[in-house]
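Participant:
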Amino acid sequence: TLDKYGVKVLGTSVEAITITEDRDLFVKKLDEIEMKTPVSQAVENMEDALAAAHKIGFPVMIRSAYALGGLGSGICQNEEQFTELAESAFTFAPQILVEESLKGWKEIEFEVMRDHAGNAITICSMENVDPVGIHTGDSIVVAPALTLSEQDYEMLRQASLKIVTALGIIGGCSVIPENE
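Position in the sequence shown (from 1) plus 29 gives the number in my numbering.
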């Protein structure tokens, strides 16, 4: 539709946005730059979702594709919880990501800006006081991140810059490189 009417997208391309919203494409893109990601599988139906959950092993995390604010996402301890949440998640999105649970890890976020020439900087780091498993919207967040060593901070900062560069982000972006 944008091409049909000659609309030029300024900033991040539609292709890059699609990659960040499609959980399968996103993981594949991060694999290309050798960025470690949780074991996961993108699925589009309940049969495949259950197979993925059993292959990965409980507890597992469900993340809805194309949904903001964690809608349809959560951690499942067993098949009963998984089935209930997955059925709900499919009402929000045609695809879900089933991934190993990172519950208990630190959730760190970097705000990154990147221009059209590829110059990128991190604006700030943030840390959820609550561990992964508590949605960011329900968590207390502090900036800058307080509990990282200088080495961990720099490693996560560099990972954030590498990710936005690989994706071709132009403008502002939040990157959440979780840390054990």
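Don't be surprised by glycine CBs; every beta carbon is placed ideally from N, CA and C. Small disclaimer: the values here were computed from a predicted structure and weren't measured.
1) Using the Cβ count rule (16 or more neighbours within 10 Å means buried), how would you classify S203?
2) Which residues in the same chain as V127 place their Cβ atom closer than 7 Å to its Cβ, once the five residues preceding and following it in sequence are excluded?
3) Between which two residues does the beta strand (DSSP E) harbouring H139 extend?
4) What are the start and end residues of the alpha helix (DSSP H) that includes S189?
5) Please name the residue, chosen from S102, Q124, P173 and P123, that lies closest to L114 on a Cα-to-Cα basis.
6) Please report the distance separating the alpha-carbon of K57 from that of L175.
7) Leaving out five residues on either side along the sequence, give the residues of the same chain with a beta carbon under 7 Å from the beta carbon of I104.
8) I'd like the list of long-range same chain contacts for S168, defined as Cβ closer than 6 Å, with 5 residues on each side in sequence excluded.
Facilitator: To lay it out plainly:
1) exposed
2) S69, Q70, V72, A78, A81, A82, I85, V89 and I91
3) What sits at residue 139 in the sequence shown is Phe, not His. Here the beta strand (DSSP E) through F139 covers I137 to R143.
4) E179 to L196
5) S102
6) 31 Å
7) P88, M90, S130, K132 and G162
8) N157 and D159
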